[in-house]
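Written out below as structure tokens is the structure these notes cover.
Protein chains: 2
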Amino acid sequence: MTYCVGLLLKAGVVLLSDTRTNAGLDNIACYRKTFTFEVPGERVVTILTAGSLSVTQTAIARLRDMVDDPEADETTSILKARTMLDVAEIVGRVLSDVRADITAKLERMSQATASASLMVAGQRKGGEMRLFLVYPEGNFIEATEDTPFLQIGEHKYGKPILDRVVTPDTPLADAKKAVLLSMDSTLRSNLSVGMPLDLTVIETDACRVTESRRIEADDPTFREMSTAWSNALRHAFTEVVI
Amino acid sequence: MTYCVGLLLKAGVVLLSDTRTNAGLDNIACYRKTFTFEVPGERVVTILTAGSLSVTQTAIARLRDMVDDPEADETTSILKARTMLDVAEIVGRVLSDVRADITAKLERMSQATASASLMVAGQRKGGEMRLFLVYPEGNFIEATEDTPFLQIGEHKYGKPILDRVVTPDTPLADAKKAVLLSMDSTLRSNLSVGMPLDLTVIETDACRVTESRRIEADDPTFREMSTAWSNALRHAFTEVVI
Chain B
2 MTYCVGLLLK AGVVLLSDTR TNAGLDNIAC YRKTFTFEVP GERVVTILTA
52 GSLSVTQTAI ARLRDMVDDP EADETTSILK ARTMLDVAEI VGRVLSDVRA
102 DITAKLERMS QATASASLMV AGQRKGGEMR LFLVYPEGNF IEATEDTPFL
152 QIGEHKYGKP ILDRVVTPDT PLADAKKAVL LSMDSTLRSN LSVGMPLDLT
202 VIETDACRVT ESRRIEADDP TFREMSTAWS NALRHAFTEV VI
Chain L
2 MTYCVGLLLK AGVVLLSDTR TNAGLDNIAC YRKTFTFEVP GERVVTILTA
52 GSLSVTQTAI ARLRDMVDDP EADETTSILK ARTMLDVAEI VGRVLSDVRA
102 DITAKLERMS QATASASLMV AGQRKGGEMR LFLVYPEGNF IEATEDTPFL
152 QIGEHKYGKP ILDRVVTPDT PLADAKKAVL LSMDSTLRSN LSVGMPLDLT
202 VIETDACRVT ESRRIEADDP TFREMSTAWS NALRHAFTEV VI
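In order, the protein sequence lines correspond to chains B and L. Going by my numbering, the first sequence opens with residue 2, and the numbers climb by one from there. Going by my numbering, the second sequence opens with residue 2, and the numbers climb by one from there.
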């Protein structure tokens with residue numbers, strides 16, 4: 002499993018992913034799920050992935066090949082696409098193609114299917130910051146003022162805290178805390194979501210990643226935050242009267 | 002959907018269920034999901050239901066018929082069974098039979114299947130208080146000191162708070178608060194879980210329901226608790242430092 006969350010705020014985009022992949026409970030590995038494509042100052046696109054590793058790795062590799070292709074143009078390279086909407090279109094098309102290719106292979110041998118979802122965040126110079134969730138079929142939805150966050154993977158455990166504290170006006174420091182606490186609840190409840198974590202911040206109009214941090218399992222700040230949150234929740238529980 | 006939660010504490014059992022059933026999003030109704038069978042002072046058995054309404058209603062109706070049958074004995078009546086384990090066995094057998102009957106009907110016409118899970122709590126005089134989760138197949142698991150709560154239906158949103166505050170030593174007042182807050186998080190996130198709620202408390206060795214309360218949508222105490230919890234969570238969020 003996986004948990005990835007993205008917030009679209011006036012101050013920027015905050016993204017967090019875990020790194021655990023598993024094929025059954027007895028085959029667990031660590032893979033990065035956050036991928037950034039950027040021309041600093043001009044354009045930044047960060048993609049978070051959830052789903053079958055063969056699909057997500059192939060999709061990211063194809064997107065990279067399409068960027069590196071000397072004949073790349075605005076219809077094929079997410080670093081040349083005219084708008085973030087066009088970036089989402091390209092990503093959706095690649096995801097859909099990769100799924101179709103891999104499913105065709107799987108169906109020759111078994112009833113198995115392979116699927117994945119992607120989150121796409123970014124901004125090009127002169128455009129707006131945008132955040133999309135690309136479905137396995139290649140269609141997508143976008144975060145808005147009313148619903149300023151998107152999640153892929155194991156989304157339920159970490160949603161209540163986001164519902165309560167995230168608005169478009171949330172400052173970046175609070176936003177980082179919100180995604181880390183949302184992840185903390187998920188880590189506690191689903192073993193197939195695991196440390197380390199990748200935190201990415203893209204400040205509005207910077208057009209580059211302004212903070213990129215890997216948080217390891219023994220990170221003292223994360224541990225303290227996790228303990229403080231447990232204590233604060235227990236204290237809040239005692240304060241509420243019925 | 003449904004959310005039912007049960008806590009097995011030294012002080013007793015605390016059970017909470019919602020009442021919403023739906024066939025699609027455009028066909029929503031209110032049905033009780035908590036059913037009590039008791040001989041006050043001798044034995045109490047409370048069953049919470051989740052799943053297809055045709056299965057849960059038929060299973061409860063059959064259990065009631067089996068109790069009312071003049072020839073009922075310890076192998077058929079949950080009010081005569083020798084132990085709570087035997088009660089769980091009878092409930093599991095009935096659930097499995099009902100599912101098989103209804104699935105046979107469905108399969109004549111369509112690919113549809115019908116399923117349900119049940120929670121069974123209770124005590125007989127001279128025995129221990131016990132809490133079981135009966136799976137759709139009729140097998141079951143039991144709450145223990147290590148895991149003193151069970152959930153059926155939409156269980157994820159309401160689990161983090163239970164993980165943090167419930168132990169076998171939790172007093173009944175805190176336990177009621179915990180299940181109501183767990184339900185509150187679920188109600189906020191899943192439209193197919195809805196008010197009113199049915200709260201049932203069975204104090205240890207009372208062998209009868211000691212509190213049974215329907216909490217309506219406009220219940221002022223529940224609303225105040227919900228608001229206070231939101232405020233306490235937001236306050237806790239501001240207190241935590243990263």
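Don't be surprised by glycine CBs; every beta carbon is placed ideally from N, CA and C.
> Can you name the residues of chain A whose CB is closer than 8 Å to the CB of L:Ile91?
Replying inline: In summary, chain A is missing from the structure at hand, where the protein chains are B and L.
> If B:Val95 and B:Ala60 are in contact, beta carbons under 8 Å, what's the gap, nearest whole angstrom?
Replying inline: Counting from 1 along the first sequence, the entry for residue 95 of chain B is found at position 94. Counting from 1 along the first sequence, the entry for residue 60 of chain B is found at position 59. By a beta-carbon distance limit of 8 Å, B:Val95 contacts B:Ala60. Their separation comes to about 5 Å.
> Would you say L:Arg165 faces chain B, with C-beta separation under 9 Å as the test?
Replying inline: Within the second sequence, numbered from 1, the residue matching residue 165 of chain L stands at position 164. Taking Cβ atoms only, chain B reaches closer than 9 Å to L:Arg165, which makes this a yes.
>> Closer than 8 Å is the cut-off here; do at least three beta carbon pairs connect the stretch 146-159 of chain L with the stretch 2-9 of chain L?
In response: Three or more Cβ pairs drawn from the stretch 146-159 of chain L and the stretch 2-9 of chain L lie within less than 8 Å of each other, which places the two stretches in contact.
> What in chain B is Cβ-close to L:Ser190, meaning under 9 Å?
Replying inline: Taking the first residue of the second sequence as 1, we reach residue 190 of chain L at position 189. By Cβ distance, chain B contributes Lys157, Lys160, Pro161 and Asp164.
> Exposed or buried, which one is B:Lys106 when buried takes at least 16 other CB atoms within 10 Å?
Replying inline: Indexing the first sequence from 1 puts residue 106 of chain B at position 105. A residue is called buried when at least 16 other Cβ atoms come within 10 angstroms of its Cβ; B:Lys106 does not meet this threshold and is exposed.
> Are any of the Cβ atoms in chain B nearer than 9 Å to that of L:Arg1?
Replying inline: Outside the displayed range of chain L (2 to 243) lies residue 1 of chain L, so it cannot be described from this structure.
> Within 9 Å (strictly less), CB to CB, does L:Asp175 reach chain B?
Replying inline: Numbered from 1 along the second sequence, position 174 holds the residue referred to as residue 175 of chain L. Answer yes: the Cβ-Cβ gap between L:Asp175 and chain B drops below 9 Å somewhere.
> Which chain L residues sit within Cβ distance under 7 Å of B:Glu240?
Replying inline: Taking the first sequence and counting its residues from 1, the one referred to as residue 240 of chain B is at position 239. What B:Glu240 touches in chain L: Ala233.
> Across which residues does DSSP place B:Ala51 in a beta bridge pair?
Replying inline: As a working note, residue 51 of chain B is residue 50 in the first sequence. DSSP, once it has assigned bridges, lists B:Ser118 as partnering B:Ala51.
> In chain B, which residues lie less than 8 Å from L:Lys178 when you measure between Cβ atoms?
Replying inline: Within the second sequence, residue 178 of chain L is the residue found at index 177, counting from 1. Chain order gives the chain B residues near L:Lys178 as Phe238, Val241 and Ile243, where near means a beta carbon separation below 8 Å.
> Exposed or buried, which one is B:Val202 when buried takes at least 16 other CB atoms within 10 Å?
Replying inline: Against the first sequence, residue 202 of chain B aligns to sequence position 201. The residue in question, B:Val202, is buried, as its Cβ has 16 or more Cβ neighbours within 10 Å.
> Given L:Phe150, which residues of its chain have a CB within under 6 Å of its CB, disregarding the five upstream and five downstream residues?
Replying inline: Here residue 150 of chain L corresponds to residue number 149 of the second sequence, with the count starting at 1. Correct list, in chain order: Leu8, Leu163 and Val167.
> Are L:Val92 and L:Phe133 closer than 9 Å when you measure CB to CB?
Replying inline: Residue mapping note: residue 92 of chain L aligns to position 91 of the second sequence, counting from 1. Residue mapping note: residue 133 of chain L aligns to position 132 of the second sequence, counting from 1. Between L:Val92 and L:Phe133, the C-beta spacing is below 9 Å.
>> With a threshold of 8 Å, are at least 3 pairs of Cβ atoms found where one atom belongs to the stretch 201-218 of chain B and the other to the stretch 29-41 of chain B?
In response: The stretch 201-218 of chain B vs the stretch 29-41 of chain B: in contact.
>> Taking 9 Å as the threshold (C-beta atoms), are L:Pro169 and L:Lys11 in contact?
In response: Numbered from its first residue, the second sequence carries residue 11 of chain L at position 10. Numbered from its first residue, the second sequence carries residue 169 of chain L at position 168. Going by C-beta atoms, L:Lys11 is nearer than 9 Å to L:Pro169.
> Could you give the residue range of the alpha helix (DSSP H) that holds L:Ser97?
Replying inline: Translated into the one-based positions of the second sequence, residue 97 of chain L becomes position 96. Segment Met85 to Met110, the alpha helix (DSSP H) holding L:Ser97.
> For L:Leu80, which three-state DSSP category applies?
Replying inline: For the purposes of this step, residue 80 of chain L is taken as residue 79 along the second sequence, with counting starting at 1. Residue state, collapsed to three classes: coil.
> By the criterion of Cβ-Cβ separation under 7 Å, what are the contact partners of L:Thr222 in chain B?
Replying inline: For this step, residue 222 of chain L is matched to residue 221 along the second sequence. Here the neighbours are Ile243.
> Listing by chain order, which chain L residues have their CB less than 8 Å from the CB of B:Leu9?
Replying inline: As a first step, residue 9 of chain B is located in the first sequence; it is residue number 8 there, counting from the start. Those within 8 Å of B:Leu9 in chain L number zero; the least Cβ separation is about 19 Å.
> Starting from L:Ser231 and walking both ways along the alpha helix (DSSP H), at which residues does that stretch end?
Replying inline: Here residue 231 of chain L refers to the residue found at position 230 of the second sequence. According to the DSSP assignment, L:Ser231 belongs to the alpha helix (DSSP H) that extends over Pro221 to Glu240.
> By Cβ distance below 8 Å, which residues in the same chain neighbour L:Leu198 in space, the five residues on each side in sequence not counted?
Replying inline: As a working note, residue 198 of chain L is residue 197 in the second sequence. So the qualifying residues of the chain are Leu17, Ser18, Asp19, Thr20, Leu181, Met184, Arg215, Ile216 and Phe223.
>> Per the DSSP calculation, B:Ser213 is bridged to which residue(s)?
In response: Taking the first sequence and counting its residues from 1, the one referred to as residue 213 of chain B is at position 212. Answer is B:Thr201.
>> Let's see if you can read the secondary structure: which residues bound the beta strand (DSSP E) around L:Val6?
In response: Position 5 of the second sequence holds residue 6 of chain L. Tyr4 to Leu10 is the span of the beta strand (DSSP E), which, as asked, contains L:Val6.
> Do you know whose CA, among B:Glu146, B:Met196 and B:Ala82, lies nearest B:Asp219's CA?
Replying inline: Your numbering for residue 219 of chain B matches position 218 in the first sequence. It is B:Met196 whose Cα lies nearest to the Cα of B:Asp219.
> Taking C-beta to C-beta, are L:Val14 and L:Ala89 nearer than 9 Å?
Replying inline: Position 13 of the second sequence, counted from the first residue, corresponds to residue 14 of chain L. Position 88 of the second sequence, counted from the first residue, corresponds to residue 89 of chain L. Contact flag unset, no.
>> So for L:Thr59, helix, strand or coil by DSSP?
In response: On the second sequence, residue 59 of chain L is found 58 positions in, with the first residue counted as 1. Helix, per DSSP.
> Looking at the unbroken beta strand (DSSP E) that takes in L:Ala30, where does it start and where does it end?
Replying inline: Translated into the one-based positions of the second sequence, residue 30 of chain L becomes position 29. DSSP places L:Ala30 in the uninterrupted beta strand (DSSP E) bounded by Ile29 to Cys31.
> Name the chain B residues that come within less than 7 Å of L:Met226, Cβ to Cβ?
Replying inline: As a working note, residue 226 of chain L is residue 225 in the second sequence. For L:Met226, the chain B residues whose Cβ falls inside 7 Å of its Cβ are Val241 and Ile243, in order along the chain.
> So, helix, strand or coil for L:Ser18, using DSSP?
Replying inline: Position 17 of the second sequence, counted from the start, is the residue given in the question as residue 18 of chain L. In the three-state reduction of the DSSP assignment, L:Ser18 falls in the strand class, which pools E and B.
> Looking at the C-beta of B:Ala229, does it have a partner C-beta in chain L at a distance below 9 Å?
Replying inline: Residue 229 of chain B sits at position 228 when you count from the first residue of the first sequence. It does; some Cβ of chain L falls within 9 Å.
> Name the residues in the stretch 183-211 of chain L whose C-beta lies less than 8 Å from a C-beta of chain B; which are they?
Replying inline: Closer than 8 Å at the C-beta level to chain B, one finds these residues of the stretch 183-211 of chain L: Ser186, Arg189 and Ser190.
> Since L:Leu181 meets chain B, which of its residues come closer than 8 Å, beta carbon to beta carbon?
Replying inline: By one-based count along the second sequence, residue 181 of chain L stands at place 180. Scanning chain B for C-beta atoms nearer than 8 Å to the C-beta of L:Leu181 yields Ile243, reported in chain order.
> I think B:Lys160 touches L:Ile243, with their Cβ atoms under 8 Å apart; what is that distance to the nearest whole Å?
Replying inline: Position 159 of the first sequence holds residue 160 of chain B. Position 242 of the second sequence holds residue 243 of chain L. Rounded, the Cβ-Cβ distance is 20 Å, inconsistent with contact.
> So L:Val166 is in the alpha helix (DSSP H); what residue range does that whole segment cover?
Replying inline: Locating residue 166 of chain L in the second sequence gives position 165, where the first residue counts as 1. Looking at the DSSP string, the run of the alpha helix (DSSP H) that includes L:Val166 is Lys160 to Val166.
>> Suppose you measure from the CA of B:Thr76 to the CA of B:Phe141; what does that come to, to the nearest Å?
In response: Taking the first residue of the first sequence as position 1, residue 76 of chain B is located at position 75. Taking the first residue of the first sequence as position 1, residue 141 of chain B is located at position 140. Distance from the CA atom of B:Thr76 to the CA atom of B:Phe141, rounded to whole angstroms, is 18 Å.
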